[in-house]
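**Student:**
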Amino acid sequence: MAAIEGASSEYDRVAEVYAQLRESQMLGHEMDWLEKGHSQPRVILDAGCGPGRDLRSLRRRGNFVIGLDLSEKMLSIASENNSDLIGRDQIGLVRGDLSRIPLNDSSIDAIWCSTVLPHFSATILTVVFKEFWRILREDGMLVCSVKLGIGEGYEAEEQLDNALRYMRYWDLDAFEKLALQLGFIRTDLHLWNERLRFPEVGRDIEFASLALKLTNEQRGIDQANIASRHCSRRCDSRG
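Residue numbers 1 to 239, in the UniProt record's numbering, belong to the letters of the sequence shown in order.
#1: Between which residues of its own chain and Arg203 is the CB-CB distance below 8 Å, once the five residues before and five after are set aside?
#2: Can you give me the Cβ contacts of Lys36 inside the same chain, cut-off strictly under 8 Å, excluding the 5 residues immediately before and after it?
#3: Would DSSP call Ser85 helix, strand or coil?
#4: Whole-angstrom Cβ separation of Leu58 and Met26, contact assumed at under 8 Å?
#5: In angstroms, rounded to a whole number, what distance separates the CA positions of Asp84 and Ser76?
#6: Using a Cβ distance threshold of 8 Å, determine whether the segment 8–22 contacts the segment 142–160, with at least three qualifying pairs required.
#7: By Cβ distance, which residues of its chain are closer than 7 Å to Thr115, with the 5 residues on each side in sequence left out?
#8: Which of the three DSSP states, helix, strand or coil, is assigned to Ser237?
#9: Does DSSP put Glu158 in a helix, in a strand, or in coil?
#10: Considering only residues of the same chain and omitting the five flanking positions on each side of Leu148, which have a CB-CB separation below 7 Å?
#11: Quick check on residue 288: buried or exposed, where buried means 16 or more other Cβ atoms within 10 Å of its Cβ?
#12: Out of curiosity, what's the CA-to-CA distance linking Pro51 and Ser107?
#13: List the residues that DSSP assigns as beta-bridge partners of Leu208.
#14: Please report how far the alpha carbon of Lys213 lies from the alpha carbon of Gly28, in whole angstroms.
#15: State the CB to CB distance for the pair Leu34 and Ala47, rounded to an integer number of angstroms; the pair is presumed to be in contact (CB under 8 Å).
#16: Going by other Cβ atoms of all chains shown within 10 Å of its Cβ, with 16 needed for buried, is Pro41 buried or exposed?
#17: Return the chain-ordered list of same chain residues with a C-beta closer than 7 Å to the C-beta of residue 267, the five sequence neighbours on each side being excluded.
#18: Quick one: is Leu164 buried, meaning 16 or more other Cβ sit within 10 Å of its Cβ, or exposed?
#19: Can you check DSSP and say which residues form a bridge with Glu152?
#20: I'd like to check one pair, Ser99 with Val143: are the Cβ atoms closer than 9 Å?
#21: Among residues of its own chain, excluding the 5 on either side of Asp135, which ones have a beta-carbon nearer than 8 Å to its beta-carbon?
#22: In whole angstroms, give me the CA-to-CA distance for Ser121 and Met167.
#23: In whole angstroms, what separates the C-alpha of Gln56 from that of Glu131?
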């Protein structure tokens, strides 16, 4: 999608500044949610891993971590910062688009998506959530965060060399309703203000972090539809 490709180019341009600015902004409290559904998730996807700030901490909560990002420069920094764990096959890096995730169906136990979703319109977010649903195993978990408020559009951030990035603000109830329609139900919630949580670099922005689990009913309905389509194709091919 053109909007995602454009964001990738902008992140390539400011990757080093971004890595330094966001180094301390780790959501440790939310990371602990990953262990609620699993004693230790086997495979965790860091969806939109950027310069790899969270990869090492995620590895302590799972057997293997995949860092996925569309920015080549961000992945290069992530590789440098985590070269020891990559060398021991504990972390892998993949270049890819969240609207077309290059991973197999039902191959991931948990998805970590820290402050990435605000960059997507509702239309693109719907596509991304369907991809998350596709790659998660049946008891999988998604931990994500969104900006709270009203409005959407492109914003320039002075601290990031005036990088121009798309931002979508959400009403929490509306976001949860959309997530439920797409097969995810909230299990944990943490509301926070960026300036209060990260006073050294934060702005006065309200966030919601959510832990979401797959809803079995939606998975059952979709799997039944898939089976029905396969049956129809087989019946048609028999003539």
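Backbone N, C-alpha and C define an ideal beta-carbon position, used for all residues, glycine too.
**Tutor:** So, from the data block:
#1: For Arg203, where only same-chain residues beyond five positions count, the Cβ hits under 8 Å are Glu194 and Arg195.
#2: Only Met141, Thr187, Asp188 and Ala211 meet the Cβ criterion.
#3: Here residue 85 turns out to be Leu, not Ser, going by the sequence shown. Leu85 falls in the helix class under three-state DSSP.
#4: With a Cβ gap of about 10 Å, Leu58 and Met26 do not count as contacting.
#5: Taking the straight line joining both Cα atoms gives about 14 Å.
#6: These segments touch.
#7: Taken in chain order, the residues that qualify are Ser145.
#8: Note on Ser237: pLDDT 38, under 50, position unreliable in the model; the coordinate value appears next. In this structure, Ser237 counts as helix in the three-state DSSP scheme.
#9: In the three-state DSSP reduction, Glu158 falls in the helix class (H, G or I).
#10: Cβ within range, chain order: Tyr169, Trp170, Leu172, Glu206, Phe207 and Ala208.
#11: In this structure the chain extends from 1 to 239, so residue 288 is not present and cannot be described.
#12: The alpha-carbon atoms of Pro51 and Ser107 are separated by roughly 23 Å.
#13: Checking the sequence shown, residue 208 turns out to be Ala, not Leu. Within the DSSP bridge table, the entry for Ala208 names Val146 and Leu191 as partners.
#14: The alpha-carbon atoms of Lys213 and Gly28 are separated by roughly 19 Å.
#15: Contact flag wrong, Cβ pair sits at about 13 Å.
#16: Pro41 is buried by the Cβ-count criterion.
#17: Shown here, the chain extends from 1 to 239; a query on residue 267 therefore has no answer.
#18: Here Leu164 is exposed. Its C-beta has fewer than 16 other C-beta atoms within 10 Å.
#19: Answer by DSSP bridge pairing, in chain order: Arg168.
#20: In this structure, Val143 keeps its C-beta atom at 9 Å or more from the C-beta atom of Ser99.
#21: Looking at the sequence provided, one finds Ile at residue 135 rather than Asp. For Ile135, where only same-chain residues beyond five positions count, the Cβ hits under 8 Å are Leu45, Ile101, Leu103, Asn104, Asp105, Ser106, Ser107, Ile108 and Ile111.
#22: For Ser121 and Met167, the distance between alpha carbons rounds to 8 Å.
#23: Just to set this straight, residue 56 is Arg in the shown sequence, not Gln. Their Cα atoms are separated by approximately 24 Å.
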